[in-house]
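Residue numbers (the UniProt record's numbering): 1 to 329.
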Ligand code: NAP
Ligand code: G4F
């Protein structure tokens, strides 16, 4: 029997790598869209880390180039399409608002249009974000909570989200949107706060650094593990009816408390090392996010499996090992 075929945009990112591994383990023929880079040897670092680099087929393409996307979808004819590609760093979106709109917002519209033209029977997943809730309108955010985006990134994601709903309702595409709350892993980009903290703590523990400079320590997030969250993406596309789902742990923790967990894990005190630096503050902050994933639990049978304490431990141990390898310690 022929393997089911999936195409992932953003395949070189954190979620793309975990989703590739998940789908390969399910027997899928996995294809990915690869944004060209000047150093071809480092683009698949995450895929290598998970041991899946040679097992997927990569296609050159960019979310800003509809003609290229059309060609890839026409050639691959996937049964499932996961649109994970984005300019995903909220802070950068104030420096690059138009790029963020083009890639994160319009890029999703390009993908929807390419699917509609080239493979309309394919099931489509859009990587929506809890950032769309922004200035929260309810203490626990669910699929029915009104949105209030607080950054160019969040506004672009909201456009992509509504385009996904619109293509489902207008053209009958099997298009689902996963409103995912923050999810992390040892493969998280180092600019995001969790990985910045676990890498910083590992550096301090190994005597390579003495301080860790952060921004708003009072911001609260609902942090889960990327490995758990890619399973929810897949489950959405296995449903007969496409829909939108919040994916979250239901627990919110401040950056300060995440820090405490991380420093405690290696037997250090955060007060001795953490300094705040206005450079890491944002023009508008999302103070707190807390997801209500009851719908995902009831309809998909999905629940977050990894405790925050275990996520922190896994990330620090991976950073310690990485640094020891690089420093030959
Ligand atoms: P990530 O690690 O930043 O990965 C982003 C991916 O998008 C990378 O593969 C990147 O390619 C690719 N990309 C960037 N610009 C592109 C372009 N113009 N054309 C094609 N590909 C492009 O993000 P992630 O954490 O895996 O998140 C995956 C998706 O979920 C993103 O859409 C993100 O916004 C969304 N999301 C993430 C979270 C979270 O907490 N992680 C929560 C909610 C939603 P390069 O490797 O070439 O840079
Ligand atoms: O780790 P962050 O940069 O993630 P943020 O902004 O919540 O966005 C991430 O999650 C979204 C889902 O809600 C995704 F859609 C998005 O693509 C991305 O994956 O910042 C988290 C919080 C913020 O409140 C920020 O102000 O941490 C605070 N923070 C404090 N000090 C810091 C720092 N953030 C970063 N990146 N660096 C700091 O030094």
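Note that beta-carbon positions come from the ideal geometry of N, C-alpha and C, so glycine has one too. No experiment lies behind these values; they were computed from the predicted model shown.
So, is residue i buried or exposed, given that buried needs 16 or more other C-beta atoms within 10 angstroms?
{"i": "residue 305", "result": "exposed"}
{"i": "residue 326", "result": "exposed"}
{"i": "residue 118", "result": "buried"}
{"i": "residue 331", "result": "Here the chain covers residues 1 to 329 and nothing more, so residue 331 does not appear."}
{"i": "residue 57", "result": "exposed"}
Report the three-state DSSP secondary structure of residue i (helix, strand or coil).
{"i": "residue 262", "result": "helix"}
{"i": "residue 247", "result": "strand"}
{"i": "residue 121", "result": "coil"}
{"i": "residue 179", "result": "strand"}
{"i": "residue 9", "result": "strand"}
{"i": "residue 129", "result": "strand"}
{"i": "residue 68", "result": "helix"}
{"i": "residue 210", "result": "coil"}
{"i": "residue 184", "result": "strand"}
{"i": "residue 110", "result": "helix"}
{"i": "residue 42", "result": "coil"}
Beta-carbon within less than 7 Å of residue i's beta-carbon, same chain only, minus the 5 sequence neighbours each way: which residues are those?
{"i": "residue 231", "result": "22 and 302"}
{"i": "residue 265", "result": "312, 313 and 316"}
{"i": "residue 161", "result": "126, 128, 132 and 177"}
{"i": "residue 115", "result": "73, 81, 122, 124 and 173"}
{"i": "residue 145", "result": "133, 137 and 138"}
{"i": "residue 233", "result": "19, 82, 125 and 178"}
{"i": "residue 284", "result": "150 and 151"}
Sort the options by Cα distance to residue i and report the nearest one.
{"i": "residue 92", "options": "146, 145, 120 and 153", "result": "153"}
{"i": "residue 141", "options": "288, 298 and 322", "result": "288"}
{"i": "residue 127", "options": "242, 118, 150 and 86", "result": "86"}
{"i": "residue 59", "options": "43, 268, 278 and 178", "result": "43"}
{"i": "residue 54", "options": "73, 65, 31 and 62", "result": "31"}
{"i": "residue 68", "options": "33, 46 and 3", "result": "33"}
{"i": "residue 88", "options": "163, 246, 105 and 78", "result": "105"}
{"i": "residue 66", "options": "103, 49 and 282", "result": "103"}
{"i": "residue 245", "options": "284, 298 and 226", "result": "298"}
{"i": "residue 333", "options": "163, 207 and 155", "result": "Nothing can be reported for residue 333, as the shown portion of the chain is limited to 1 through 329."}
{"i": "residue 171", "options": "61, 227, 242 and 249", "result": "242"}
Tell me which residues share the same chain as residue i and place their Cβ nearer than 8 Å to its Cβ, disregarding the 5 neighbours each side in the sequence.
{"i": "residue 268", "result": "201, 204 and 205"}
{"i": "residue 217", "result": "254, 255, 256, 259, 274 and 276"}
{"i": "residue 209", "result": "200 and 203"}
{"i": "residue 324", "result": "206"}
Take residue i and list the residues in its own chain whose beta-carbon comes closer than 6 Å to its own, dropping the five residues that flank it on each side.
{"i": "residue 195", "result": "188"}
{"i": "residue 286", "result": "134 and 150"}
{"i": "residue 29", "result": "3 and 5"}
Kindly say whether residue i, judged by its beta-carbon, lies nearer than 8 Å to any beta-carbon of chain D.
{"i": "residue 239", "result": "No chain D is present in this structure, which holds just one protein chain."}
Inset, instruction - Kindly confirm or deny that the stretch 247 to 263 and the stretch 105 to 125 touch, where touching means at least three C-beta pairs closer than 8 Å. - result: no
Legend entry - Stretch pair the stretch 216 to 223 + the stretch 1 to 16: three plus CB contacts closer than 8 Å: no
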